[in-house]
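Numbering (this note's numbering), first residue to last: 6 to 270.
Virtual Cβ for every residue (Gly too), placed ideally from N, Cα, C.
One structure is given here, and the rest of the page talks about it.
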């Protein structure tokens, strides 16, 4: 169980379509204003380019794990002494393209996760390769953090917190405002049913798939309460209270009565 608090900042970035250089520069300008005691900064899904439903454009957008986007992310983590979480358009040695999540810490340790559930209604399943492994649980600052990406949160078993294996679920997203009710309610549901903190970092702006207004990024505690501190610069902050989480899990323990299951990949 976490013994200390974790301060999280959520940056709902207005993604410049298909322009990794411009997006990296935009985030770099904003990151300098993040509270210096922040432990974890969360960026949106595919923060470097946004999603394209054109195969040729996706290939142009895709980078390897050591490309300019991840080099920038690793530099920010080191320079600002915080872990950074988000996603980018990735390509592997077999020319397969992925919607890839990442978490990089200040020591240069990086963990990747390829989105398992591709958004069929946007054609993502026809253009990208789905991940073939469970989403990882990452230890950082005494906390166990689980990764999911956008559409992944529609699938409760995928995010099930078995025997409190994680303390917080971090969800980068590009979730259009037309479906914001579902987005918010599912984040709350995942928080309550898994007795964990949940962060949903949405993008801002507009693309061909819809609008993404300010205010569509959320942070909920393990009771489903909104604990977001929304600042005038658009950054959303929250502090995870480790001692309270531990005490509440001991006092109220539905996880001890949960059904066992396995996921077939």
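Check, Outcome
"Can you give me the Cβ contacts of residue 124 inside the same chain, cut-off strictly under 8 Å, excluding the 5 residues immediately before and after it?", "130, 155, 156"
"I need the straight-line Cα distance from residue 191 to residue 78, nearest angstrom please.", "28 Å"
"Is the Cβ-Cβ distance between residue 176 and residue 146 less than 9 Å?", "no"
"Are there 16 or more other CB atoms within 10 angstroms of the CB of residue 51, so buried, or fewer, so exposed?", "buried"
"Would the beta-carbon of residue 172 fall within 9 Å of that of residue 55?", "no"
"Spell out a yes or no on whether the stretch 162-171 and the stretch 181-190 are touching, meaning 3 or more CB-CB pairs, one atom from each, closer than 8 Å.", "no"
"If you draw a straight line from the C-alpha of residue 211 to the C-alpha of residue 98, how long is it?", "32 Å"
"Which same chain residues, not among the five before or five after residue 251, have their C-beta less than 6 Å away from its C-beta?", "6"
"Which parts of the stretch 103-175 are runs of the alpha helix (DSSP H), unbroken and 4 residues or longer, counting only runs that do not cross its ends?", "129-132"
"Return the chain-ordered list of same chain residues with a C-beta closer than 6 Å to the C-beta of residue 203, the five sequence neighbours on each side being excluded.", "174, 192, 195, 196, 225"
"Find the nearest neighbour of residue 258 within the set 245, 227, 114, 236, judged by alpha-carbon distance.", "227"
"Out of 163, 208, 230, 25, point me to the one whose CA is closest to residue 73's CA.", "25"
"Taking the alpha-carbon of residue 253 as reference, which of 239, 199, 12 has the nearest alpha-carbon?", "199"
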